[in-house]
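Only one structure is covered here, and it is reproduced in the block below.
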Amino acid sequence: MNTFPVHLPQTLATVAQLKGGPQFLDIHGNVVETGNLSPKIAQEPLLAETYEKLLTSRTRKTAGAFYTPLDVAEKLTEVAVLEGPVVDPACGGGIFLLSAAKRLAALGGDPKEIARNQIFGSDIDEWAVAVCRWELAHWAGIEPEEVQGVTKADPLTEKPSGWPDQFGAVIGNPPFLSQLHRTTSRTADRREELRSRYGNLLKAYTNEAWLFLAMGLELLAPQGQMLLIQPLSLIGARDASEIRKKILTEASLVGLWVDQSTVFIGHTEVCAPIVRNSLIDKKQVVRYTGRTIQEVSSVEQPSDPEDWGGLIADLMGLPSTEFTGSGQVEHKATTTAGFRQHFYGLVPGVSEQKEEEIKHPLITTAMVDPFNCLWGQKSVQFDGKKWERPVVDLNLVAEFDKAVGGWMRKRQRPKLLISTQTKVIEVVVDEKGDWVPLTPLIIVEPQEEDLWALAASLSSPIVSALAARQTAGAARSVSRITLSARQLLNLPLPSDKQALNEAIEIAQFIHKSSDRNLERSWLLFGETINRAYGTKNKDLISWWWNRHPEARKQNK
Ligand SMILES: C[S@@+](CC[C@H](N)C(=O)[O-])C[C@H]1O[C@@H](n2cnc3c(N)ncnc32)[C@H](O)[C@@H]1O
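Under my numbering, the very last position in the sequence shown is 826; numbers go up by exactly one each time.
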């Protein structure tokens with residue numbers, strides 16, 4: 271039955287009694303005896319806050335039980351709740367539901383009627399449910415058993431019986447269960463259960479919180495509003511794309527709260543989309559920031575689920591990204607990247623280069639500097655060893671692993687290599703076509719005559735800004751650009767061919783130059799390639815240059 275220490279209900283009951291509300295009932299409806307209480311425990315104004323403190327850190331992590339501070343819940347509720355009934359599908363101790371009850375009372379409702387008929391919630395934690403019912407009853411001046419809309423249930427798999435068909439508002443802070451961590455990743459049974467209910471919305475890395483958005487949409491009445499706190503990764507994560515699409519095509523995104531003020535212990539960056547259950551014409555998204563839920567400027571609703579980064583780009587200090595392009599990388603090149611086996615498959619074939627030996631240089635991420643491959647100029651780590659001039663014997667690689675050998679052979683052609691997790695996109699050009707790329711480098715393979723056009727385009731300030739915008743939200747912060755080989759295909763190419771040719775010349779000059787101070791050439795390159803994209807944004811250049819590795823070298 272309950273997995274919590276036996277003293278817990280009694281402790282809560284004692285706190286509850288101290289707070290002077292109705293008697294605390296356990297889930298069987300029996301009055302819990304009160305006992306002695308440590309004075310520290312009674313300090314929190316809400317019983318829910320006391321309860322949260324009594325949870326073990328493991329329970330909090332595995333259930334995603336990080337309750338919302340009351341001030342934040344109250345302000346968010348004010349923005350999102352326009353009418354009842356209201357539901358919080360993962361209500362915990364009821365902090366959001368209490369805020370919603372107060373909001374409905376402020377809109378003219380009677381507290382007793384509200385607590386009995388307008389407030390609904392569920393949680394898988396039976397004691398949280400009990401605390402929530404007590405909290406609402408205490409506020410309304412009724413008995414906890416009269417708060418019948420709050421029940422123990424998992425609404426992701428089954429809608430609790432007794433809930434109305436539709437709600438005026440869905441609010442709350444569902445559990446963030448990231449699939450990237452072992453403690454919060456779902457079991458195979460759970461995956462099956464959710465897959466049968468959510469179909470292609472469920473991907474390998476679907477956070478449980480995103481599914482609450484899909485479920486919440488189904489609960490909303492026409493014109494009803496939903497606000498559910500989410501990890502910021504909702505904005506940019508690849509596996510959240512279907513959920514973003516569902517919101518855009520079945521409803522309207524009318525607001526977005528973005529917080530980086532560490533409101534929640536354990537989650538630094540959160541957001542909360544405000545979704546209205548109707549397709550409206552004037553698609554403006556009102557944005558709010560910070561713990562005080564301050565309204566800032568509105569932006570247009572994105573039409574593309576892959577471009578939600580634009581909703582927060584300026585708030586994260588990214589420059590604006592207007593440009594005129596002509597086609598995309600996919601029209602000129604294919605892109606690919608190796609996996610784990612391509613990394614480990616190289617191990618038997620790598621050796622230090624001997625005099626006169628002709629083998630293929632092994633290129634690692636650490637050797638990639640913009641337009642400059644540092645092979646032979648700096649030592650690198652690979653397979654737990656330090657290497658000065660690592661080369662690869664592809665025959666040996668193929669002997670050990672035919673597939674990896676074959677894949678590497680195919681890469682033996684003129685190409686670009688791009689390192690990931692950098693502050694701006696960094697490209698090196700393999701004109702001869704004999705380099706062997708080490709995972710996780712991204713490989714771009716154009717026609718030979720387009721090599722430098724693509725290198726210059728991908729190295730442009732505007733393309734780095736666009737990629738950072740895509741990254742915004744997907745990573746923990748926008749300081750590093752994370753791009754996949756597939757995302758690279760959608761990046762734009764410039765429209766002004768003359769300016770592009772000028773930029774190529776400067777890029778090749780930088781590539782060949784042994785000069786140490788290349789700041790002027792780089793800035794000229796940035797301005798010229800930006801011109802090729804029809805953008806004159808000076809902020810864009812300084813944003814890019816501030817992040818550029820060459821600028822960091824100059825400052826040393
Ligand atoms: C982040 S807490 C938020 C609680 C409350 N809404 C608040 O803002 O204070 C998330 C809650 O979701 C509950 N929970 C976890 N998985 C759940 C599920 N599948 N269905 C319902 N509740 C769940 C946890 O027990 C926890 O109380």
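Built from N, CA and C at the ideal position, the CB exists for glycine as well. Values in this document were obtained by computation on a predicted structure and should not be read as measured data.
Residue 337 has its CB nearer than 7 angstroms to a heavy atom of ligand 1. With 16 or more other Cβ atoms from the protein chains shown falling within 10 Å of its own Cβ, residue 384 counts as buried.
In this structure the segment 430-445 does not lie against the segment 462-471, because fewer than three pairs of beta carbons, one per stretch, are closer than 8 angstroms. Residue 508 and residue 475 have their C-alpha atoms spaced approximately 9 angstroms apart. For residue 333, the shortest separation between its Cβ and any heavy atom of ligand 1 lies below 7 angstroms.
Distance from the C-beta of residue 585 to the nearest heavy atom of ligand 1 is not below 7 angstroms. Short note on residue 361: C-beta closer than 7 angstroms to some heavy atom of ligand 1. Excluding five sequence positions before and after residue 394, the CB atoms of its chain that fall closer than 6 angstroms to its own CB belong to 424, given in chain order. Straight across, the Cα-Cα distance linking residue 304 with residue 490 is about 40 angstroms. Annotated three-state conformation of residue 818 is coil, per DSSP. Judged by DSSP in its simplified three-state form, residue 598 adopts strand. For secondary structure counted as the alpha helix (DSSP H) over 4 or more consecutive residues, the segment 589-653 holds these complete runs in sequence order: 610-614. Fewer than three beta-carbon pairs drawn from the segment 336-344 and the segment 408-427 are found closer than 8 angstroms, and the two stretches are therefore not classed as touching. Pairing residue 811 with residue 795 gives a Cβ-Cβ distance that is not under 8 angstroms. The three-state secondary structure of residue 468, taken from DSSP, is helix. If only complete runs of 3 or more residues are kept, the segment 511-563 shows the beta strand (DSSP E) at 522-529, 540-546, 554-559, in order along the chain. Residue 491: not part of any alpha helix (DSSP H); member of the beta strand (DSSP E) spanning 490-498, first to last residue. In the DSSP annotation of this structure, the continuous segment of the alpha helix (DSSP H) that includes residue 732 starts and ends at 731-741.
Judged by the Cβ position, residue 398 qualifies as a neighbour of ligand 1 at the 7 angstroms threshold, a heavy atom of the ligand being closer than this. Boundaries of the beta strand (DSSP E) harbouring residue 422: 420-422, taken from the DSSP string. Each residue's CA atom was taken as its position, placing residue 699 and residue 683 some 11 angstroms apart. Sorting 592, 666, 599, 818 by C-alpha distance to the C-alpha of residue 714 places 599 at the top. About 7 angstroms separates the CB atoms of residue 711 and residue 633; that is less than 8 angstroms, so the two are in contact. By the Cβ criterion, the segment 801-820 is in contact with the segment 769-789, since at least three pairs of Cβ atoms, one from each stretch, lie closer than 8 angstroms. Residue pairing for residue 791: DSSP places it in no beta bridge. Residue 686 carries a strand assignment under DSSP once its states are collapsed to helix, strand and coil. Here residue 528 is buried: its Cβ has 16 or more other Cβ atoms, across all protein chains shown, within 10 Å.
Looking at the DSSP output, residue 657 bridges to 650.
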